[in-house]
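Following: one structure in structure tokens, then a few remarks.
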Amino acid sequence: MTNIQTLPGLIDCHVHFREPGFEHKGTMVSESASARSGGVMSVCEMPNTNPPTTTCVALKDKVARSAQIRDTDIRFFFGMTSDEHLEEFLALWKEAAYESLQSRCAGVKVYLDHSTGNQKIDVAVIKDVFRICAAMNVPLVAHCEDPLVNARDPRRPPESEERSVHDAITMARMYGTHLHIAHLSTEQGLRLVQQAKKDGLTVTCEAAPHHLFLSMEDEEILGAFGKMNPPLRTLDHQEALWGGILDGTIDCIATDHAPHTVEEKKSDHPPSGVPGVETMLPLLLTVVNGKWPHPLRKIRNPEFKIRNIERLCFENPNKIFGLEKKKDEWQVKVDLDQEWVIHGKDLHSKCGWTPFEGWGVQGKIIEVSKNSL
Numbered sequence: 144m145t146n147i148q149t150l151p152g153l154i155d156c157h158v159h160f161r162e163p164g165f166e167h168k169g170t171m172v173s174e175s176a177s178a179r180s181g182g183v184m185s186v187c188e189m190p191n192t193n194p195p196t197t198t199c200v201a202l203k204d205k206v207a208r209s210a211q212i213r214d215t216d217i218r219f220f221f222g223m224t225s226d227e228h229l230e231e232f233l234a235l236w237k238e239a240a241y242e243s244l245q246s247r248c249a250g251v252k253v254y255l256d257h258s259t260g261n262q263k264i265d266v267a268v269i270k271d272v273f274r275i276c277a278a279m280n281v282p283l284v285a286h287c288e289d290p291l292v293n294a295r296d297p298r299r300p301p302e303s304e305e306r307s308v309h310d311a312i313t314m315a316r317m318y319g320t321h322l323h324i325a326h327l328s329t330e331q332g333l334r335l336v337q338q339a340k341k342d343g344l345t346v347t348c349e350a351a352p353h354h355l356f357l358s359m360e361d362e363e364i365l366g367a368f369g370k371m372n373p374p375l376r377t378l379d380h381q382e383a384l385w386g387g388i389l390d391g392t393i394d395c396i397a398t399d400h401a402p403h404t405v406e407e408k409k410s411d412h413p414p415s416g417v418p419g420v421e422t423m424l425p426l427l428l429t430v431v432n433g434k435w436p437h438p439l440r441k442i443r444n445p446e447f448k449i450r451n452i453e454r455l456c457f458e459n460p461n462k463i464f465g466l467e468k469k470k471d472e473w474q475v476k477v478d479l480d481q482e483w484v485i486h487g488k489d490l491h492s493k494c495g496w497t498p499f500e501g502w503g504v505q506g507k508i509i510e511v512s513k514n515s516l
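So in the numbering used here, spot 285 of the sequence shown is number 428, and the numbers just go up one at a time.
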């Protein structure tokens, strides 16, 4: 008998849709199609485009571009690297001319070291950003890597994340900021978040599917197609992340969907980032089915239920970023019994590839529908 389950339209609170400036990698149209095909009906898009979303004008342009997308709700993070951007952000929330843009802004994003797009925040501005986000009750999303550690070791070791998460939590504690740690990848970072929650701080975090299903053992096969920031970790970190999902320390699973072309990934200086918005749900459904999707490696299967998907990919991101999405706005029906194989050529992202190429999964979307509210 077919096992049909229904989920709300999922929320991915960390995507890069590349428009404007990098439309050869992806567009709002192409990446929204990929999201919908993965049961993701709402996304929060990052600011490292060209121009970056660090001004009200840039945000207004993105909101206008997103108006053509009728069946994916795209919200945007406001980037911060300098005092000028902080002034722009204050104008967004204080000037009547920008009132209509406020609901489209999911929060502030800061990069504590360089990643794709070179959006590293000026050290002199960091404390002001934490202070103002706290005063305005706006969530601050942090890409936590330490520039001094990374300068010594370009492999971006676990210590880089640990030190940066520690520093970010210290500032959140100082100002009362709602801090959200992006793509947590290490056991050390997880323990710091765990302690911050015990201390009563408003600190939340997310984990990405590539850190949950891939490890350093996959680097030889994937090469540059497994390159991302923060990088893949050892299996002990992966196991710790799954523990953090099950005990509630990790609040969201978000893909950090970051498409690059095949040619770019094969170049002498390949960029960091992998697509993932379309493959997140089938990978998670496979674990719900009591199976592990990695074709070469099996681990002790986590006690992961479909209720966990709803919590991590709808309820928590909806609450954390104040999206006010209705649970019954979209229905995503999945057949938990259907088995299929992931191939990049069958996916809808413009880049046309996936780090999960050839993986067998169990659980397939059979219908996505919108209810009349």
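Built from N, CA and C at the ideal position, the CB exists for glycine as well.
Computed from a predicted structure; not experimentally measured.
- Secondary structure at Met223: coil, using DSSP grouped into helix, strand and coil.
- Remark: C-beta atoms of Gly182 and Cys494 do not approach each other more closely than 8 angstroms.
- Counting C-beta pairs closer than 8 angstroms gives fewer than three between the segment 422-440 and the segment 184-194, which falls short of the contact rule.
- Per DSSP, the continuous alpha helix (DSSP H) segment holding Ser307 begins and ends at 301-318.
- The beta carbon of Gly433 is closer than 7 angstroms to those of Asn444 in its chain, skipping five residues each way along the sequence.
- Here DSSP, grouped into helix, strand and coil, assigns Ile388 to helix.
- DSSP lists Cys187 as the beta-bridge partner residues of Arg218.
- Of the other Cβ atoms in all chains shown, fewer than 16 fall within 10 Å of the Cβ of Asp342; this residue is therefore exposed.
- The alpha carbon of Val206 has as its nearest neighbour, out of Gly332, Cys276, Arg247, the alpha carbon of Arg247.
- For the alpha helix (DSSP H) assignment, the uninterrupted runs of no fewer than 4 residues enclosed by the segment 413-446 are, from N- to C-terminal side, 423-431.
- Secondary structure at Gln474: strand, using DSSP grouped into helix, strand and coil.
- Just measuring C-alpha positions, the residue of Leu283, Val336, Glu230 sitting nearest Arg306 is Val336.
- The Cβ atoms of Ala311 and Glu349 do not sit closer than 8 angstroms to each other.
- His354: member of the alpha helix (DSSP H) spanning 352-356, first to last residue.
- By the Cβ-count criterion, Pro438 is exposed, with fewer than 16 other Cβ atoms from all chains shown falling within 10 Å of its own Cβ.
- Pairing Leu244 with Cys276 gives a Cβ-Cβ distance that is not under 8 angstroms.
- Counting only runs that start and end inside the segment 149-188, the alpha helix (DSSP H) elements of at least 4 residues fall at 171-180.
- Assignment of beta-bridge partners to Gln505 by DSSP yields Glu482.
- Cα atoms of Ala234 and Ala240: separation of roughly 9 angstroms, rounded to the nearest angstrom.
- When Cβ pairs closer than 8 angstroms are counted between the two stretches, the segment 385-404 is seen not to touch the segment 465-485, the count staying below three.
- Remark: three or more beta-carbon pairs, one from each stretch, lie closer than 8 angstroms, so the segment 325-333 and the segment 374-386 are flagged as touching.
- If you draw a straight line from the Cα of Asp226 to the Cα of Met314, it comes to about 18 angstroms.
- With a threshold of 16 other beta carbon atoms within 10 Å, Ser512 falls short and is exposed.
- Taken atom to atom, the span from the alpha-carbon of Lys507 to that of Tyr254 is near 35 angstroms.
- By the neighbour-count criterion, in which 16 or more other beta carbons inside 10 Å mark a residue as buried, Trp483 falls on the exposed side.
- DSSP places Ile264 outside both helix and strand once states are collapsed to three, so it counts as coil.
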